[in-house]
Amino acid sequence: MIECASGLGATGATVIGTADIVVDESLAERCREPRCENYGLAKSCPPHVAGPAAFRKLLESFRQAIFFKIDVPSDVLFSSESCEVFQLLHEVASGIERSAVEMRFAGARAYAGGSCKAIFCDEHQGCLALSAEGQCRYPQYARPSMSGFGINVAKLFEAAGWEMNWVTHHPDSTATKMANVCGLVLIA
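Residue numbers (our numbering): -8 to 179.
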């Protein structure tokens, strides 16, 4: 699955134990306060996801996960190209999940950064999955946001042995030149 991740566009992927996945309620709370611009707009974001407590319970059923990252120039994350980066992120996550299922890890579950509403359905009025129709427009790609479950990304980077490139929107010479977006797939 590591090769699969690379083939799909990840610049790094590794297997981690689920004991290395730290869940922090305060991280999930940041979706609500200060309010994320995507809060409540998609089925894959709070308050429509089960949250940290349910994710902790889910982790009890798994022993391993694939953690992956995509390195991108930091200025891209603050440009019109950012949507394409996050689309790729969700496509990689869903691709690893699909590969895991094909390898008989039937319960594999993928999570990715960013709101699927902003990534895939920004031009649409609302999320169909939240409407009476109840069907996602992009079920093959859209995956729940890691933030809404309180997944501590910094701790995942530590567990992977990777340096995390924090990015801020300050165009100065000391700013990070590369940034990371990442995803997680529970596999076994």
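Using N, Cα and C, we set each Cβ at its ideal position, and we do this for glycine too.
Starting from I142, follow its DSSP beta bridges and name the residues at the other end.
V14
Considering only residues of the same chain and omitting the five flanking positions on each side of G3, which have a CB-CB separation below 7 Å?
Excluding positions up to five away in sequence, the list reads F59, K60 and W153.
Where H81 and D66 are concerned, what is the direct C-alpha to C-alpha distance, given to the nearest angstrom?
20 Å
My understanding is that I178 touches I57, with C-beta atoms under 8 Å, so please give their C-beta distance in whole angstroms.
Taking the Cβ atoms as the reference, I178 lies roughly 6 Å from I57, within the contact range of under 8 Å.
Name the DSSP bridge partner or partners of T9?
Looking at the DSSP assignment, T9 forms no beta bridge with any residue, so it has no partner.
Helix, strand or coil: which one does DSSP assign to F111?
helix
Go ahead and pull the three-state DSSP assignment for I178.
coil
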